[in-house]
Each structure stands twice: as C-alpha cells, then as structure tokens.
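*Asks:*
Residue numbers (our numbering): 9 to 157.
1. Under a Cβ-count criterion, where at least 16 other Cβ atoms within 10 Å of its own Cβ denotes burial, should residue 128 be classed as buried or exposed?
2. I want to know whether the segment 80-91 touches the segment 133-153 - three or more CB-CB distances under 8 Å.
3. Just to confirm, is the Cβ distance from residue 103 to residue 111 under 7 Å?
4. In three-state terms, what does DSSP make of residue 139?
5. Ignore the nearest five residues each way along the sequence and tell me which others in residue 135's own chain have a CB closer than 8 Å to its CB.
6. Pick helix, strand or coil for residue 95, following the three-state DSSP scheme.
7. Considering Cα atoms alone, identify which of 154, 156 and 150 is closest to residue 89.
8. Which of the three DSSP states, helix, strand or coil, is assigned to residue 103?
9. Taking a contact to mean a Cβ-Cβ separation below 7 Å, would you say residue 63 touches residue 147 in this structure?
10. By a C-beta neighbour count over all protein chains shown, 10 Å radius and 16 as the cutoff for buried, is residue 133 buried or exposed?
11. Quick one: residues in its chain with C-beta nearer than 6 Å to the C-beta of residue 61, no 5 flanking neighbours on either side, listed in chain order?
12. Measuring alpha carbon to alpha carbon, tell me which of 57, 69 and 74 ends up nearest residue 130.
13. How about residue 121 and residue 78: do their beta carbons lie closer than 7 Å?
14. Could you give the DSSP three-state label for residue 110: helix, strand or coil?
15. Considering only C-alpha positions, which residue in the set 52, 41 and 116 is nearest to residue 154?
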C-alpha cells in the first residue's frame with residue numbers, strides 16, 4: 009500500500025511539472041479518501057482523465073464563468089439553448105470525459121455579467137438574485153450529469 013501511495017504521489021508531481029503548473033490534488037474527505045482534482049482536463053490536446061483515473065480522482069472540479077457565457081441578457085434565461093449563451097467547449101468536453109471515467113464533476117459558477125450587476129466588475133453580485141438562479145437552472149440543464157455545484 010505504501011508503494012502505491014508513493015507511485016501516485018510521484019505521478020501527481022510529474023504531471024504537475026509537465027504542465028508547468030501546480031495541480032491541486034487534495035483529499036476532499038480525508039476520512040473516506042475521496043480525492044478531488046481542480047485542474048485542466050487536457051494537456052496538449054490529450055485528455056488527462058486517464059491519469060486522473062489512475063491517481064484515484066473521484067471528483068473533477070471546474071468553473072463556469074457566467075460573465076463569459078452570457079455576455080448579453082438572454083431572452084429565455086432558463087433555456088441552455090438560448091442564443092445569448094456560449095457554453096465553454098472545454099467544460100462540455102470535461103463533463104463528457106468525466107462520465108466515461110466514472111468521475112463526478114463539481115462546477116462553480118463565478119463572475120456576474122455587467123448586464124446583471126449594474127455594470128460593476130464581475131466580482132459584484134447580481135442586482136436580481138433571480139438572474140443568477142435562472143443561469144444556474146440553465147447550467148444544470150446544460151450539464152444534467154453534474155450534481156455538485
């Protein structure tokens with residue numbers, strides 16, 4: 009068991025070095041050994057999910073930047089197919105890859121668009137909480153396999 013942990017730690021370190029970044033691989037629930045990864049889903053166009061699977065990652069974490077996805081106010085904000093939405097291809101691909109490797113996905117919604125927060129910087133809350141709720145509904149419909157938000 010100790011050899012396996014050493015190999016996993018070495019693999020995580022090598023992956024981190026290869027990407028030129030630090031990848032956070034932390035135990036989300038230390039008691040159960042559930043591992044979560046907040047990191048890229050691709051490296052040089054190659055999926056990292058096989059590596060994450062080998063490392064025992066059970067939860068992949070990513071973010072949805074609301075201000076980038078909905079630059080303009082959508083007419084039907086709860087509909088993920090509203091033309092105002094431009095969903096990130098990287099997140100869509102990561103959600104699909106995670107499903108193939110039986111890895112859960114946790115998505116964080118960040119960054120209110122200017123139309124929702126009165127023209128303030130994206131770290132300001134929306135003026136109407138319902139705008140945020142409508143976007144969250146659209147996101148959950150876009151990514152029905154995601155249950156961690």
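Built from N, CA and C at the ideal position, the CB exists for glycine as well.
*Replies:* Taking the structure as given:
1. Working through the chain shown from its first residue, we reach residue 128 at position 120. Residue 128 is exposed by the Cβ-count criterion.
2. yes
3. For the purposes of this step, residue 103 is identified with residue 95 of the chain shown, where counting begins at 1. For the purposes of this step, residue 111 is identified with residue 103 of the chain shown, where counting begins at 1. Contact flag unset, no.
4. Numbered from 1 along the chain shown, position 131 holds the residue referred to as residue 139. Here residue 139 sits in helix by DSSP.
5. By 1-based counting over the chain shown, the position of residue 135 is 127. Taken in chain order, the residues that qualify are 124, 125 and 126.
6. Start at 1 with the first residue of the chain shown, and residue 95 comes out as number 87. Looking at residue 95 - three-state DSSP - the assignment turns out to be coil, as it is neither helix nor strand.
7. Position 81 of the chain shown, counted from the start, is the residue given in the question as residue 89. Closest by alpha carbon: 150.
8. Here residue 103 corresponds to residue number 95 of the chain shown, with the count starting at 1. Three-state DSSP puts residue 103 in a helix.
9. Reading the chain shown from its first residue, position 55 is the one you call residue 63. Reading the chain shown from its first residue, position 139 is the one you call residue 147. Not a contact, by the Cβ cut-off of 7 Å.
10. Mapped onto the chain shown, residue 133 falls at position 125. Classification for residue 133: exposed.
11. Residue numbering aside, residue 61 sits at position 53 when the chain shown is read from its first letter. So the list reads 109, once near-sequence residues are dropped.
12. Counting from one through the chain shown, the residue named residue 130 turns up at place 122. Measuring from the Cα of residue 130, the nearest candidate turns out to be 74.
13. Looking up residue 121 in the chain shown gives position 113. Looking up residue 78 in the chain shown gives position 70. Result yes, Cβ atoms of residue 121 and residue 78 sit closer than 7 Å.
14. Counted from its first residue, the chain shown places residue 110 at position 102. Three-state result, residue 110: coil.
15. The residue given as residue 154 occupies position 146 in the chain shown. Comparing Cα-Cα distances from residue 154 to each of 52, 41 and 116, the minimum goes to 116.
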